[in-house]
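**Q** Here our numbering runs 45 ahead of the position in the sequence shown, where the first position is 1.
We put the beta carbon where it would ideally sit given N, CA and C, even for glycine.
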Amino acid sequence: MSLQSPVKRPLVMGIVNVTPDSFSDGGRLTTLEATLEHALRLIAQGADVLDIGGESTRPGSDPVGEDEEAARTLPLIAALRARWAGPISIDTMKPAVARAAVAAGATMWNDVSALGHAPDSLSVAAELGCEVVLMHMKGAPKTMQDDPRYDDVVAEVTAHLAARAEAAVAAGVARDRIWLDPGLGFAKTTAHNLTLTARLEALVELGFPILYAASRKRMIQGVDATALDAADRLGGSLALALEAARRGARMVRVHDVRETVQALQLQAAVEGAAGN
Numbered sequence: 046m047s048l049q050s051p052v053k054r055p056l057v058m059g060i061v062n063v064t065p066d067s068f069s070d071g072g073r074l075t076t077l078e079a080t081l082e083h084a085l086r087l088i089a090q091g092a093d094v095l096d097i098g099g100e101s102t103r104p105g106s107d108p109v110g111e112d113e114e115a116a117r118t119l120p121l122i123a124a125l126r127a128r129w130a131g132p133i134s135i136d137t138m139k140p141a142v143a144r145a146a147v148a149a150g151a152t153m154w155n156d157v158s159a160l161g162h163a164p165d166s167l168s169v170a171a172e173l174g175c176e177v178v179l180m181h182m183k184g185a186p187k188t189m190q191d192d193p194r195y196d197d198v199v200a201e202v203t204a205h206l207a208a209r210a211e212a213a214v215a216a217g218v219a220r221d222r223i224w225l226d227p228g229l230g231f232a233k234t235t236a237h238n239l240t241l242t243a244r245l246e247a248l249v250e251l252g253f254p255i256l257y258a259a260s261r262k263r264m265i266q267g268v269d270a271t272a273l274d275a276a277d278r279l280g281g282s283l284a285l286a287l288e289a290a291r292r293g294a295r296m297v298r299v300h301d302v303r304e305t306v307q308a309l310q311l312q313a314a315v316e317g318a319a320g321n
């Protein structure tokens with residue numbers, strides 16, 4: 046990705062949750078006008094991609110019906126597409142919602158179930174031809190944090206995502222349209238999340254671009270016990286984004302776009318200066 050400056054950095058995906066119960070910003074955006082204004086503000090702050098979600102997948106969350114999820118997300122995608130030509134991602138597990146979102150203007154399907162939620166998820170992804178994000182998660186959001194266990198979290202997450210990527214390719218999804226996400230906070234303890242971050246290269250070595258999503262997550266509180274509120278986790282979010290970039294992530298999914306873009310630009314500038 047080329048920026049206006051000669052500095053290159055990972056892509057920044059801005060989060061736009063159209064939900065009443067997301068862990069950080071649920072219920073904050075209650076009208077289409079307010080949500081569109083927020084999305085356009087993230088673009089002005091430097092977001093390269095916007096991720097639109099209509100169903101919370103925070104630990105303990107309840108599922109949302111297909112019609113309700115579509116009603117929350119499709120008007121925003123259509124309104125945003127009328128104002129912006131950039132990449133729009135639909136954050137959903139449901140193939141029907143993904144299909145409708147792409148028809149409305151989305152260009153990426155971000156699926157926390159790695160196209161495993163429904164029997165036709167893989168075939169719909171192939172049919173749509175859009176970019177897809179395959180994320181690792183064990184179980185369902187409602188109970189995934191009850192007692193997550195792994196013998197080797199890096200090996201197990203890597204093997205699972207490699208298998209899902211190959212299943213997607215076998216179903217007809219183009220290999221160069223696939224992204225992988227280790228799923229921090231999805232059936233994982235703070236220790237699991239830190240280990241996956243420290244060994245992100247294991248995922249990078251699979252040959253697919255990596256999306257890293259740690260923004261405002263509880264793993265930050267796991268290190269800094271004073272960060273009880275999600276809004277108090279900016280420092281940790283930036284540190285993790287920079288570390289992920291250093292270890293090969295090609296995109297970071299964040300709430301705080303301006304601050305993350307600036308941090309990544311400075312990191313890239315320093316690295317560029319070191320080579321001069």
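1. At which residues does the alpha helix (DSSP H) containing Ile88 begin and terminate?
2. Leaving aside the five residues before and after Arg117 along the sequence, list all residues of the same chain whose C-beta is less than 6 Å from its C-beta, in chain order.
3. Using beta-carbon positions only, say whether Lys183 and Leu229 come within less than 8 Å of one another.
4. Closest to Ala171 by C-alpha separation, out of Phe231, Ala213, Pro108, would be which residue?
5. If you drop the 5 nearest sequence neighbours on each side, which residues of the same chain put their C-beta closer than 7 Å to that of Asp269?
6. Going by DSSP, what residue range makes up the beta strand (DSSP E) through Val299?
7. Given Ala145, which residues of its chain have a CB within under 8 Å of its CB, disregarding the five upstream and five downstream residues?
8. Threshold first: 4 residues or longer. Then list the alpha helix (DSSP H) segments lying entirely within the segment 223-309, N to C.
9. Can you tell me where the alpha helix (DSSP H) with Glu176 in it begins and where it stops?
10. Here's the rule I'm using: 16 or more other beta-carbon atoms within 10 Å means buried, otherwise exposed. How should Leu311 be labelled?
11. Helix, strand or coil for Asp221, going by three-state DSSP, please let me know.
12. Thinking C-beta only, is Ala151 closer than 8 Å to Ile133?
13. Hey, how far is the Cα of Leu85 from the Cα of Leu125?
14. Between Asp93 and Val177, what straight-line distance do the alpha-carbon atoms span, to the nearest angstrom?
15. What are the boundary residues of the alpha helix (DSSP H) that includes Asp112?
16. Assign Thr347 to buried or exposed, taking buried as 16 or more other Cβ atoms, counted over all protein chains shown, within 10 Å of its Cβ.
17. If you draw a straight line from the alpha carbon of Ala308 to that of Leu283, how long is it in whole angstroms?
**A** The structure says:
1. Residues 77-89.
2. Cβ neighbours of Arg117 within its own chain (closer than 6 Å, five residues either side excluded): Val63, Gly99.
3. Contact flag unset, no.
4. Of the listed residues, the one whose Cα sits closest to Ala171 is Ala213.
5. Close CB contacts of Asp269 within its chain, under the 7 Å cut and outside five residues either way in sequence, are with Gly281 (chain order).
6. Where Val299 is concerned, the enclosing beta strand (DSSP E) stretches over 296-299.
7. Around Ala145: Ala115, Leu119.
8. For the segment 223-309, whole alpha helix (DSSP H) runs of length 4 or above, ordered along the chain, are 235-243, 246-249, 263-268, 279-291.
9. Counting along the chain, Glu176 falls outside any alpha helix (DSSP H), though it belongs to the beta strand (DSSP E) covering 176-180.
10. Residue burial annotation: Leu311 is exposed, with fewer than 16 other C-beta atoms found within 10 angstroms of its C-beta.
11. Here Asp221 sits in helix by DSSP.
12. Using a Cβ distance threshold of 8 Å, Ile133 and Ala151 count as a contacting pair.
13. Across the structure, Leu85 and Leu125 are spaced so that their CA atoms are roughly 8 Å apart.
14. Distance between the alpha carbons of Asp93 and Val177 is about 16 Å.
15. Start and end: 111-128.
16. No statement about residue 347 is possible, as the shown extent of the chain runs from 46 to 321 and does not include it.
17. Going by the C-alpha atoms only, they are around 7 Å apart.
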